[in-house]
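Under numbering that gives the first Met the number 0, the residue at position 12 of the sequence shown is numbered 11, and the numbers go up by one with no gaps.
Built from N, CA and C at the ideal position, the CB exists for glycine as well.
See structure below.
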Amino acid sequence: MQNKALEKAGLPYTYMAFEVDNTTFASAIEGLKALKMRGTGVSMPNKQLACEYVDELTPAAKLVGAINTIVNDDGYLRGYNTDGTGHIRAIKESGFDIRGKTMVLLGAGGAATAIGAQAAIEGIKEIKLFNRKDDFFSKKRLPLRS
0 MQNKALEKAG LPYTYMAFEV DNTTFASAIE GLKALKMRGT GVSMPNKQLA CEYVDELTPA
60 AKLVGAINTI VNDDGYLRGY NTDGTGHIRA IKESGFDIRG KTMVLLGAGG AATAIGAQAA
120 IEGIKEIKLF NRKDDFFSKK RLPLRS
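Written out as structure tokens, the structure reads:
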């Protein structure tokens with residue numbers, strides 16, 4: 000799927016999967032730089048750990064404390080959390096402006112947290128959260144306040 004998207008966009012890249020855990024993550028990042036790879040996707044369990052290895056985090060990535068994308072600009076690494084960005088972009092492309100509105104989020108996992116963070120950055124007025132475990136989101140409440 001990734002390679003088809005790259006091809007369709009006319010980009011000269013190839014998407015490859017590598018199995019990396021927290022014991023080999025630092026070496027993998029050094030390899031990314033040494034091989035001049037353009038970037039990488041990051042999956043669990045490395046999303047929080049990856050924040051420590053980049054030179055810059057986007058505002059949403061800072062709020063969430065996790066990244067799923069690293070872009071390599073000549074050895075300078077930027078970390079992104081694209082879950083919220085993608086969701087909010089889809090809402091905007093449908094013609095809906097979230098600024099000043101109230102959002103309802105069902106769940107408080109990683110994707111919901113990223114969506115909430117991006118919504119806060121983009122001007123959402125209020126987020127109503129419904130989650131099975133109330134204590135889980137209480138830990139995230141302060142960082143998401145804008």
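Check	Outcome
Relative to the C-alpha of I120, which candidate in G94, I87, L105 has its C-alpha closest?	I87
Measure from the alpha carbon of V41 to the alpha carbon of each residue in A16, A89, Y75, G99, then state which is nearest.	A16
Give the secondary structure of S145 by DSSP, where H, G and I count as helix, E and B as strand, and everything else as coil.	Per-residue confidence for S145 stands at a pLDDT of 49, beneath the threshold of 50, marking its modelled position as unreliable; no derived number is given.
Assess, as a yes-or-no matter, whether the region 59 to 77 is touched by the region 17 to 33 under the definition of 3 or more beta carbon pairs within less than 8 Å.	yes
To the nearest angstrom, how far is the alpha carbon of G9 from that of R37?	15 Å
One question on the structure: do V63 and N45 come within less than 8 Å of each other, judged by their Cβ atoms?	no
Count the other CB atoms, across all protein chains shown, that sit within 10 Å of the CB of T13; report buried if there are 16 or more and exposed otherwise.	exposed
Confirm, please, whether the CB-CB distance from N21 to L48 is below 8 Å.	yes
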